[in-house]
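K.L.:
Below you'll find the structure I mean.
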Amino acid sequence: MTSNVALANNRSWLDFLRKTGVWVGILVVVAAIYGYTTEPQVTTSMLASTLRQSTPLVLGALCGLLGERSGVINIGIEGQMLLSAFVGFLANVYTGNLFIAVAAGVLTGALLGGLLAFMSVTLKMDQIIGGTVINILALGLTGFFYQTGLTTQGKLQPIALGPLADLPLVGPVLFENPPITYLAIILVFIMHYMLFYTRWGLRTRAIGEHPRAADTVGINVNRMRYINVSIAGGIAGLAGAFLTLEAVGSFERAMTNGRGFVALAVMIFGKYMPFGVWGSALLFGFATALQTQLQFSGTIQIPHQFIGMLPYVLTIVVLAGFVGRTRPPAAEGQPYETE
Amino acid sequence: MNNADKQVVLEAHGISKHFPGVIANNNVDLTLHKGEILALLGENGAGKSTLMNVLYGLYHPTEGEIWIKGEKVHLQSPRDAIDHGIGMVHQHFQLVPVMTVAENVILGSEVTTAGGRLNMRQAARQVNELSQKYGLAVDPSAMIEDLPVGIQQRVEIIKALYRQADILILDEPTAVLTPQEANELFHIMRELTAQGVSIIFITHKLKEVLAVADQIAVLRRGEMVGTVLPSEATEASLAEMMVGRNVILQVEKSAAHPGDVILKVEDLAVLDDRKTSVVNGVSLEVRAGEVLGIAGVQGNGQRELVEALTGIRSVASGHFFIQGHDATHYTPRQITMLEVAHIPEDREKHGLVMAYPIEDNTVLNQYYVQPYSHNSIVDRGAIRSHANALVKEFDVRTSSVTALASTLSGGNKQKVIVAREFSKPVKLLIAAQPTRGIDVGSIEFIHKQIIKQRDNGVAVLLVSAELDEIMSLSDRIAVMFEGHIMATLPIAEATREKLGLLMAGSHS
Amino acid sequence: MAIQASEKGPTSSFGERLASFWRSASVPIMAILLAALIGAIILLLSGANPIDAYAALFKGSFSNARAIGRTLEKATPLILGGLAVAFAFKGGLFNIGGQGQLLIGAIVSAAIGFGLGGLPFIIHMPLALIGGAIAGALYASIAGALKAYTGAHEVITTIMLNFVAINITDFLANGPWKDEGIVARTPAILETAAIPKLDNIPLGFFIAVAVAIIIWYLLFRTTLGFEIRTVGLNPNAAKYSGILVARLTVLTMAISGFLAGLGGSIETLGVVGRFQPGFNVGLGFDGITIALLARTHPLAVIPAAILIGAMQAGSSQMQFDAKVSFEIIDVIQALILFFVSAEMIVRWILRIRADGDGGVRLSSGWGQG
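Chains Y, H and L supply the protein sequences, listed in that same order.
For the first sequence, my numbering begins at 331 and goes up steadily by one.
For the second sequence, my numbering begins at 45 and goes up steadily by one.
For the third sequence, my numbering begins at 2 and goes up steadily by one.
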């Protein structure tokens, strides 16, 4: 924070952090230490699983955030992830090169982002219907081109960050992860810096809040929306690549399982702020990790279907604003017309 | 003033702008000299804003040329206009509410350090320098949404000056100001011209033109009627140029004969959407057969007061009574049933369903009663004949009652609302900004309708930001400031000066 | 929020009627043709012969009485799913939760169907039918209430409720309502709850058509319909005219869920005969395509649903004859949806002037606060 002005930029983010972040943070640290002293293995695997589960949500939510900050609602994240996961998987099957495979996934996401921009900016279609088109299209295309029996050629492996990885608890949780997991965290920081400290960020926020004001000072609103929504699509594509190339290693039909929609709730709960998004993605990731843990240990007698509902119910609760309300960018959802 | 010696900074030749079905500007010429205030006068819809948007690069003219400082230019976008030194303060401020003053000022012309990082410190310094140079006090780190409109307007001016504008276009800048604030703005405008800035001042208010302009250009129906000097013009002569016929500036009305109290408001408090109290203990009475005008600068709680009285917004404390019924917690429909008519402030957002045909819009307040429906089944025939009768009586210009409301002009949309509200028995009329942004013909018509209702014994509560409208229609005037009624004056005692001071919160 | 803005009154002459019909039907028809064209290109790219494929699709859906019966059978839940989406659109709501409401409706109707013995057909069948529909209505009104009273956007809540419904029905079919044996499904419904077939033609189809007519009448001829459409087109003006918008939002969602739930009941009682997990997956999305293809008009939903139903009915014939994976129809459906919503493209191809209405518009933020 260098000046008053910069402070004012992040006022709501700081408020949010102050009000909720600090308490949640303390609680998490205390719980983690307590857990580690009593059940070291379970705690480590729970936290590691939380981070892994949160990765596609962070990426999906960053995609949504960038779009909405620019004034475009993206409900097609689910489809962008799914098709990118599929293309990344195919690229891996046929080239055997994981780097090319990830790049193919990101490119697919970016192209679908471009399609969303085409529908919402050029065709001025309803943005929610535009996103739905992408979702249905992705479901249809992956279903049609999917052949069973394709074998994957390896997946992204964890990279241990030297001595950091040997630290107790934090080491295996934070410093021994596969590349996309690291990348997701780095993207959070990059997105925050870009949005609040650069020219591009100032303009992006302006076109999402008051596009006409941006237009009257010579900013090309529609071109920026195209660029930003395509970049955002690329981030969703990375989430898709994570699913097939880092987490699972193969493709399954409809394997995104609603994560693209959950990501939108993560974004709203994160108050359209990169760090807020990260925090809320960790919360959702924790809910999913808990679900797997409970199912696995079998200590509690709840039918697994009820545990399986947890992330979805949490999403509804978040949206209903039971945990605080947010103010979305003012111009989102509306095509910009130069009159 | 001898303009011949002065350098011409901007010249428009034969500007025409056509939209599908509309000629907004037709062969318009305009000349602006250095250091001069040129007033561009015209009624709503005369083509002033179109002309300015052409000069600012937002529209491309169908025909004509623009010369700036002796150079012929083709303005493709606002960016081009800015590069040629044109700055514009739009009627609706083009400021991002959730950003700071400094961020808004630099947006689009940012100063960055190496690596593309925004240099907010330098931005704040530049804002401070400009505000000192021209006497435009403002805090660079303040959030726009926290600032009053008068200050926001200064930010807009600083924004233009930051871009080195020496030609400023001010589009209806006084619409949101008290008379005193407007005087302050005129003072700033003179300060700017003294330092070499040239100003085009767009307005439809005759008094302001005479007070501040060096030259007056008048537009009517997209055409330039002529240019006059303020010393050669009077309000009446300007009005005639504007409208093209003799205009009766004063509404003809006889003395009021107030009857029973129809609306009684007691110590009413109302919250706005942000949950802050914006109506603070308002008490008033409106009697049958009188018009009570509520004057005040926009945003002093008038909107919330009207919304509370029509049942749309809940009341925090206090009571109000309509025809003796305690209607404080009534639903909008229960209030309508007490023979209340309501002309809402925003006709497109609240008054009409734009995607419905006119006929359906004429029954929005009574589709659920006989003869428009029987036992919850709609009678299309009854609705159509009702609509046809209203369109004829209120002179709504349309091809058919099945045309969509969105196809109507502003004045005709307003006539549909007025027709609908008066098409059932009325005891109380609540009219908010009933003539905002419509043509003079429609204004006269609607004013006559309101007075006719008053003479028929209807109690009228009129809320308007146009002081002239309040003064010409009201029998008594209440002035609202920061949610309080400052004073209620009989029309005979109300002068512009007195009202202006009360609108600014001063009792003296 | 301008949902299908053409609300024109009746036109007078036959010529005008024809012109107005063409204005509203030309876009959907062109959208279908364009989608089929691009589908053919995809088929070519994947090495199949599109003419053979489409011929087989037609053969499997309309060539004989049995094929037509199968098409109508497939079209039945699609009519109701399309009506559910179209009806919600009219009220300004986007119900993507048709799938969840259908599942809940299906399992409740199955439970009534197998659980209540000793009732005569004339009571048992309608009871199961309506019971499922009411369950769907209640389930959908959760999303309606969340929208009306907390501002939570129905698009996300209905999708989340789909996943919740999958879990709930999975639990019921695998637990308390499980049939004997190892398969996770409910017992078969009793004879008295089954909807009979007349020859090849399923009776459920006629129920669906009748419901479409009722919904049309409700929307355009009753004051309730007037209120729902007013809220859909301009909720602010609705509030000013005294309509209780929040209550109406819940009711609109409930009716929409009723229709989807009825689709589940009819499918259960008329076709499947019991509930089993994985039942009719994807119907919610089909409903969106059908509703937009019908330009949200309740009566136009019928032909739109028959078209999609025919594609589904013929897809296995196509897979058998032309060796084309049946998922191509999902791709074609997505393309139809795209072209129907991207009216600008189609109008440009046809060189028709826009009516001035921009079609469906729903997005205005997530509406929190």
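The beta carbon of each residue, even a glycine, is placed where N, CA and C say it ideally should be.
Can you round the beta-carbon distance between H/I243 and H/L212 to whole angstroms, since I take them to be within the 8 Å contact cut?
P.N.:
Position 199 of the second sequence holds residue 243 of chain H. Position 168 of the second sequence holds residue 212 of chain H. About 5 Å separates the two Cβ atoms, so the contact holds.
K.L.:
If we cut at 8 Å on Cβ distances, does L/L293 have a partner in chain H?
P.N.:
The residue you call residue 293 of chain L lines up with position 292 of the third sequence. So, not an interface residue.
K.L.:
So, helix, strand or coil for Y/M455, using DSSP?
P.N.:
Residue 455 of chain Y sits at position 125 when you count from the first residue of the first sequence. Residue state, collapsed to three classes: coil.
K.L.:
Could you tell me if H/P122 is buried or exposed, where buried requires 16 or more neighbouring beta carbons within 10 angstroms of its beta carbon?
P.N.:
Within the second sequence, residue 122 of chain H is the residue found at index 78, counting from 1. It counts as buried.
K.L.:
Counting only Cβ pairs nearer than 8 Å, list the residues of chain Y close to H/P122.
P.N.:
Here residue 122 of chain H corresponds to residue number 78 of the second sequence, with the count starting at 1. Result: D545, T546, V547 and G548.
K.L.:
Per DSSP, what kind of secondary structure is H/A538 in: helix, strand or coil?
P.N.:
Looking up residue 538 of chain H in the second sequence gives position 494. Three-state DSSP puts H/A538 in coil, outside helix and strand.
K.L.:
Can you say whether Y/T373 is buried or exposed, counting buried as having 16 or more other CB atoms within 10 angstroms of its CB?
P.N.:
For the purposes of this step, residue 373 of chain Y is taken as the residue at position 43 of the first sequence. By the 10 Å Cβ count, Y/T373 comes out buried.
K.L.:
Going by alpha carbons, who is nearest to L/A89 out of L/V210, L/L220 and L/N163?
P.N.:
Sequence index remark: in the third sequence, residue 89 of chain L carries index 88 (1-based). Cα-wise, what sits closest to L/A89 is L/L220.
K.L.:
Flag H/M233 as yes if its beta-carbon sits less than 8 Å from any beta-carbon of chain L, otherwise no.
P.N.:
As a position in the second sequence, residue 233 of chain H is number 189, starting the count at 1. No, H/M233 lies away from the interface with chain L (no Cβ there is under 8 Å from its Cβ).
K.L.:
For H/G58, is the classification buried or exposed, using 16 other Cβ atoms within 10 angstroms of its Cβ as the cut-off for buried?
P.N.:
As a position in the second sequence, residue 58 of chain H is number 14, starting the count at 1. It is exposed - the Cβ of H/G58 has fewer than 16 other Cβ atoms within 10 Å.
K.L.:
Which whole-angstrom value is the C-beta distance of H/A204 and H/L74, which I expect to be below 8 Å?
P.N.:
Taking the second sequence and counting its residues from 1, the one referred to as residue 204 of chain H is at position 160. Taking the second sequence and counting its residues from 1, the one referred to as residue 74 of chain H is at position 30. Not quite, the Cβ-Cβ distance comes to about 19 Å (not below 8 Å), so this is no contact.
K.L.:
Applying the 10 Å Cβ sphere with the 16-neighbour rule, what's the burial state of H/V330?
P.N.:
Locating residue 330 of chain H in the second sequence gives position 286, counting from the first residue. Burial call: buried.
K.L.:
Taking C-alpha atoms, which residue in L/I350, L/A146, L/A343 and L/F321 lies nearest to L/A49?
P.N.:
Stepping through the third sequence from its first residue, residue 49 of chain L is reached at position 48. The shortest Cα separation from L/A49 among L/I350, L/A146, L/A343 and L/F321 belongs to L/F321.
K.L.:
Helix, strand or coil, according to DSSP, for H/G58 in the structure here?
P.N.:
Indexing the second sequence from 1 puts residue 58 of chain H at position 14. Strand at H/G58.
K.L.:
Does the beta-carbon distance from Y/L568 to Y/G365 come in below 8 Å?
P.N.:
Residue numbering aside, residue 568 of chain Y sits at position 238 when the first sequence is read from its first letter. Residue numbering aside, residue 365 of chain Y sits at position 35 when the first sequence is read from its first letter. Taking 8 Å as the Cβ cut-off, Y/L568 and Y/G365 do not qualify as a contacting pair.
K.L.:
Looking at chain H, is there any beta carbon in it that lies within less than 8 Å of the beta carbon of Y/L517?
P.N.:
To locate residue 517 of chain Y, count along the first sequence from 1; it is residue 187. Not closer than 8 Å to any Cβ of chain H, the Cβ of Y/L517 fails to qualify, so no.
K.L.:
From H/Y178 to H/Q239, what does the alpha carbon distance come to, in whole angstroms?
P.N.:
Reading the second sequence from its first residue, position 134 is the one you call residue 178 of chain H. Reading the second sequence from its first residue, position 195 is the one you call residue 239 of chain H. Approximately 9 Å between the Cα atoms of the pair.
K.L.:
Checking contacts by CB at 8 Å: is H/G454 closer than that to chain Y?
P.N.:
Counting from one through the second sequence, the residue named residue 454 of chain H turns up at place 410. Not an interface residue.
K.L.:
Here's a check: name, in chain order, each residue in its chain whose Cβ is nearer than 6 Å to the Cβ of L/V251, leaving out the five neighbours to either side.
P.N.:
If you number the third sequence from 1, residue 251 of chain L lands on position 250. Hits under 6 Å: S142, G145, A146 and A149.
K.L.:
Could you work out which residues of chain Y lie near H/I126, taking near to mean beta carbons separated by less than 8 Å?
P.N.:
Translated into positions along the second sequence, residue 126 of chain H becomes position 82. The contacting residues are V547 and G548.
K.L.:
Can you check whether the CB of Y/V423 is closer than 8 Å to the CB of Y/T367?
P.N.:
Position 37 of the first sequence, counting from 1, holds the residue named residue 367 of chain Y. Position 93 of the first sequence, counting from 1, holds the residue named residue 423 of chain Y. The answer is no: Cβ separation not under 8 Å.
K.L.:
With 16 as the cutoff for other CB atoms within 10 Å, does H/Y400 come out buried or exposed?
P.N.:
Along the second sequence, read from residue 1 onward, the residue named residue 400 of chain H stands at position 356. By the neighbour-count rule (16 or more Cβ atoms within 10 Å), H/Y400 is buried.
K.L.:
Using a Cβ cut-off of 7 Å, which residues of the segment 222–238 of chain L contact any Cβ in chain H, in chain order?
P.N.:
Of all residues in the segment 222–238 of chain L, R222, T223, T224, L225, F227, T231, L234, N235, N237 and A238 have a Cβ within less than 7 Å of some Cβ in chain H.
K.L.:
Do H/H231 and H/N88 count as a contact pair if the criterion is CB distance below 8 Å?
P.N.:
Taking the second sequence and counting its residues from 1, one reaches residue 88 of chain H at position 44. Taking the second sequence and counting its residues from 1, one reaches residue 231 of chain H at position 187. Cβ distance not < 8 Å, so H/N88 and H/H231 don't count as in contact.
K.L.:
Within 8 Å (strictly less), CB to CB, does Y/E582 reach chain H?
P.N.:
Locating residue 582 of chain Y in the first sequence gives position 252, counting from the first residue. Chain H contact via Cβ: absent.
K.L.:
Is the Cβ of L/G288 closer than 8 Å to any Cβ of chain Y?
P.N.:
The count along the third sequence starts at 1 and reaches residue 288 of chain L at position 287. Not closer than 8 Å to any Cβ of chain Y, the Cβ of L/G288 fails to qualify, so no.
K.L.:
Between the Cα of H/S275 and the Cα atoms of H/D258, H/D190 and H/V269, which residue gives the shortest distance?
P.N.:
One-based indexing of the second sequence puts residue 275 of chain H at position 231. Considering only alpha carbons, the answer is H/D258.
K.L.:
Does the Cβ of H/K459 have 16 or more other Cβ atoms within 10 Å, making it buried, or fewer, making it exposed?
P.N.:
Looking up residue 459 of chain H in the second sequence gives position 415. Classification of H/K459: buried, given that the 10 Å Cβ count is 16 or more.
K.L.:
In three-state terms, what does DSSP make of H/L533?
P.N.:
Walking along the second sequence from the start, residue 533 of chain H turns up at place 489. Three-state result, H/L533: strand.
K.L.:
Anything in chain L within Cβ reach of H/K393, meaning under 8 Å, just list it in chain order.
P.N.:
Counting from one through the second sequence, the residue named residue 393 of chain H turns up at place 349. Those within 8 Å of H/K393 in chain L are N235, N237 and A238.
K.L.:
Would you mind reading off the limits of the alpha helix (DSSP H) that contains H/H104?
P.N.:
Residue numbering aside, residue 104 of chain H sits at position 60 when the second sequence is read from its first letter. Where H/H104 is concerned, there is no enclosing alpha helix (DSSP H), given that its DSSP letter is neither H nor E.
K.L.:
Taking buried to mean at least 16 other C-beta atoms within 10 Å of its own C-beta, is L/E228 buried or exposed?
P.N.:
Against the third sequence, residue 228 of chain L aligns to sequence position 227. Per the 10 Å Cβ criterion, buried.
K.L.:
If the cut is a Cβ gap below 8 Å, which residues of chain L does Y/G538 touch?
P.N.:
Here residue 538 of chain Y refers to the residue found at position 208 when the first sequence is read from its first residue. What Y/G538 touches in chain L: nothing, since even the nearest Cβ is about 11 Å away.
K.L.:
If you run the structure through DSSP and keep just helix, strand and coil, what is H/K459?
P.N.:
Counting from one through the second sequence, the residue named residue 459 of chain H turns up at place 415. Three-state result, H/K459: helix.
K.L.:
Can you give me the C-alpha to C-alpha distance between Y/F581 and Y/A415, rounded to a whole angstrom?
P.N.:
Position 251 of the first sequence, counted from the first residue, corresponds to residue 581 of chain Y. Position 85 of the first sequence, counted from the first residue, corresponds to residue 415 of chain Y. About 7 Å.
K.L.:
Would DSSP call L/I4 helix, strand or coil?
P.N.:
As a first step, residue 4 of chain L must be located in the third sequence, where it is residue number 3. At L/I4, the pLDDT of 35 sits below 50, so the modelled position is not reliable and the matter cannot be decided from this model.
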